[in-house]
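For reference, the structure is listed below as structure tokens.
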Amino acid sequence: MADFADCEGQFEDYEGQLIDYEEDKDIDEIEDDDDDVWDGDGEESPEENQCLFCDQIFPSVDEVFRHCEKEHFFNIIDIGRKWKLDCIQYIKMINYIRSKKPTSLEITQFKGDKPLWDSDDYLKPHNMEDGLLQYDIEYFISQKVGKDVQNEATSVDSNSSEQEHKQQTPVVMTPSEYHSLCLKLQGANERAESAETELQRALHDLQKMRTMVQNLVMSQPNEPIKSESAVHTLTEDEDEEYFGSYAHFSIHEDMLKDKVRTESYRDFMYKNKDLFKDKVVLDVGCGTGILSMFAVSAGAKQVIAVDQSDIVYQAMDIVRENNLQDKITILKGRIEDVKLPVEEVDIIISEWMGYFLLFESMLDSVLYARDKYLKIDGSVYPDKCNIQLVAIDDKDVHDKHIAFWENVYGFKMSCMQADVVKEASVDIVKPDKIISEPAVIKELDCRLCKFGDLQFKQDFQLSLATKGEITAVIGYFDIHFDRNCGNKVMFSTGPKDTSTHWKQTVFLLEKFIPVQKGEIVKGTVHCRKNKKDPRALLITLSIQDQSQTYLMQ
């Protein structure tokens, strides 16, 4: 069919616009792990059914369109008829409205020959989780139109019945007229059967097209993505949720009250003032500006502080309150988007670490700033860090998260266990629950490492210090201020050190592993960014005869 061939051509154009994610050599193994382990369902993200013209969220797409008609005078049926919306045009329309944010009147009152969304640019999803993109608009419109026709037919039948009641006059025709009528009816019946066959074929082709489009738009395999394009290619809208989370005062209060964190940065700068004297410093993700003020106190000539979060407005007030506005320049925006008032800087400082070190992918932004603004002989602080794993024997923690679902107020909810265990948890682990020596699985030098280093696969060995059962493996990180420092400073987020707001990352095992003192347990860890959300992590842990992919988001 010609129309179907045209649509196939559009699909090929659409495929060319999808993000070109790098294929990983181990992706088949990863997908098998994700699909088969512990008979759990694959991870799913809830779809968002947000109104096209306001911020309201609805449980179904039908309710979205009812709301749009009632509150915004936007009737999807009228729009569908006016612009002859098929599945392709509908997807373009949704992505156009999401990205350009027109008013409903701009859509309904537009008088042009072609719709506003008549561009293949709008085949690329504005939001991968948009529930409206999966909606079968052609089926919806056909059902609605069918009901209207049925209502009209019912009305006509009713009127006809009344007329028949009023006049029961028999119809009389000659044999030749009767024969002619029979031939016409036979021809009409044959044409109807042929049309029905063609219609079924067209519906079959249409269903194939619809399935193809929905798969292209919404399919999200958990494969690794190119690190160098992961974060700094996100738009501000796509990154709004992340930066919005740092607009709340409580999170900054928690970080400032974390003495291990804050005092380590302060001690590094105050004890190494020779590094900062008369230097130009860039503070990436400045928050309240505390690191910028430390840098000025350590002798920095100029500090440029950058943050996209709205907390930056309080940072401006804090800087003025401390009479440092002549030394500290604060810019609102992402480091990937703003233009600095200088061509290069001597030092980059940043508190970029997330859970399991790499969660939230803020290090990507630091590396971007390093490559664009740092002098050849400049420094990034902290400059060295590592991630470590250690085994624990803590059945209480396991019961708290997993066994809990076996009896919830007298009801069984054990079906939750397979999904719950897939989420890495963040908790403070008791030191006396550790039963192995730590194993370093990743080391990074922030001055030299590349974007690709932030995703890795590494074998490890855990040397057991005591007899017991491994109920979980935990991860933590160490941070070092090292390069050119006369007084080196470091801190650890491990369970044997003073607790920090990072705590430890806990990877619960479904099956406990019995071990003996002195035994060596081997495993592999694979850490990569989540394609659905580059600031989230997917961590596959393979140990003994079990393997599980954990989500951090």
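The numbers in the sequence shown follow my numbering, run straight up by one, and end at 544. Don't be surprised by glycine CBs; every beta carbon is placed ideally from N, CA and C. No experiment lies behind these values; they were computed from the predicted model shown.
In the structure shown, what three-state DSSP assignment does residue i receive?
i: G477; result: coil
i: N377; result: strand
i: P422; result: helix
i: L529; result: strand
i: Q507; result: coil
i: T99; result: helix
i: F65; result: coil
i: S110; result: coil
i: G178; result: helix
i: Q408; result: helix
i: D148; result: With a pLDDT of 49 at D148, under the threshold of 50, the predicted position of this residue should be treated as unreliable, though the coordinate-derived value follows. Of the three classes helix, strand and coil, the one that applies to D148 here is helix, per DSSP.
i: D312; result: One detail in the question is off: residue 312 reads as Glu in this sequence, not Asp. It is helical.
i: E54; result: helix
i: L500; result: strand
i: V333; result: coil
i: A291; result: coil
i: Q535; result: coil
i: D25; result: For D25, the predicted model reports a pLDDT of 43, less than 50, meaning its position is unreliable and no value from the coordinates is stated.
Give me the Cα-Cα distance between residue i and residue j, rounded to the nearest whole angstrom.
i: L190; j: E181; result: 14 Å
i: T531; j: D524; result: 17 Å
i: H104; j: T496; result: The identity of residue 104 in the sequence shown is Asp, whereas the question assumes His. Using only the alpha carbons, I get a separation of about 57 Å.
i: R89; j: K61; result: 19 Å
i: C277; j: Q299; result: 9 Å
i: V294; j: L273; result: 6 Å
i: C440; j: K391; result: 39 Å
i: Q185; j: A179; result: A small correction: the amino acid at residue 185 is Ser; Gln does not occupy that position in the sequence shown. Their backbone Cα atoms lie some 10 Å apart in a straight line.
i: I393; j: Y541; result: 14 Å
i: Y372; j: D436; result: 10 Å
i: I128; j: I85; result: 11 Å
i: N313; j: G514; result: 52 Å
i: I432; j: E54; result: 49 Å
i: T491; j: L349; result: 16 Å
i: L194; j: C45; result: 35 Å
i: W396; j: K386; result: 15 Å
i: P93; j: Q134; result: 28 Å
i: D355; j: F267; result: 24 Å
i: Y467; j: K292; result: 35 Å
i: D24; j: D111; result: Confidence at D24 is low in this model, with a pLDDT of 45, below 50, so the placement of that residue should be treated as unreliable; the coordinate-derived value is given next. Using only the alpha carbons, I get a separation of about 36 Å.
i: C518; j: F442; result: 13 Å
i: I426; j: S405; result: 28 Å
i: L528; j: D69; result: 43 Å
i: F498; j: G71; result: 49 Å
i: I82; j: W343; result: 37 Å
i: L114; j: E120; result: 14 Å
i: I338; j: K75; result: 58 Å
For the beta strand (DSSP E) that residue i lies in, which residues bound it at each end?
i: V516; result: 511 to 521
i: V287; result: Segment 281 to 288 is the alpha helix (DSSP H) holding V287; no beta strand (DSSP E) there.
i: D488; result: Careful: D488 lies outside any beta strand (DSSP E) and carries neither H nor E.
By DSSP's criteria, residue i is part of a beta bridge. Which residues make up the other side?
i: T188; result: Bridge partners of T188: none, in fact.
i: K323; result: D298
i: Q41; result: I48
i: E546; result: In the structure as shown, the chain begins at -8 and stops at 544. Residue 546 is therefore absent and cannot be evaluated.
i: D524; result: N521
i: Y372; result: I340
i: G345; result: L348
i: S427; result: L455
i: D121; result: E39
i: Q495; result: D418
i: F402; result: V399
i: A382; result: V464
i: F482; result: I470
Does any CB atom of chain C fall closer than 8 Å to the CB of residue i?
i: G369; result: The chain labelled as chain C is not found in the depicted structure, where only one protein chain is given.
Starting from residue i and walking both ways along the alpha helix (DSSP H), at which residues does that stretch end?
i: Y261; result: 250 to 261
i: L266; result: 264 to 267
i: V388; result: 386 to 392
i: L273; result: Per DSSP, L273 belongs to no alpha helix (DSSP H); it is in the beta strand (DSSP E), 271 to 275.
i: L358; result: 353 to 364
i: Y81; result: 78 to 91
(request) Please specify which runs of the beta strand (DSSP E), each continuous and at least 3 residues long, are wholly inside the segment 431 to 479, giving them in chain order. (result) Taking only runs of at least 3 residues, the beta strand (DSSP E) segments lying wholly in the segment 431 to 479 are 447 to 454, 459 to 472.
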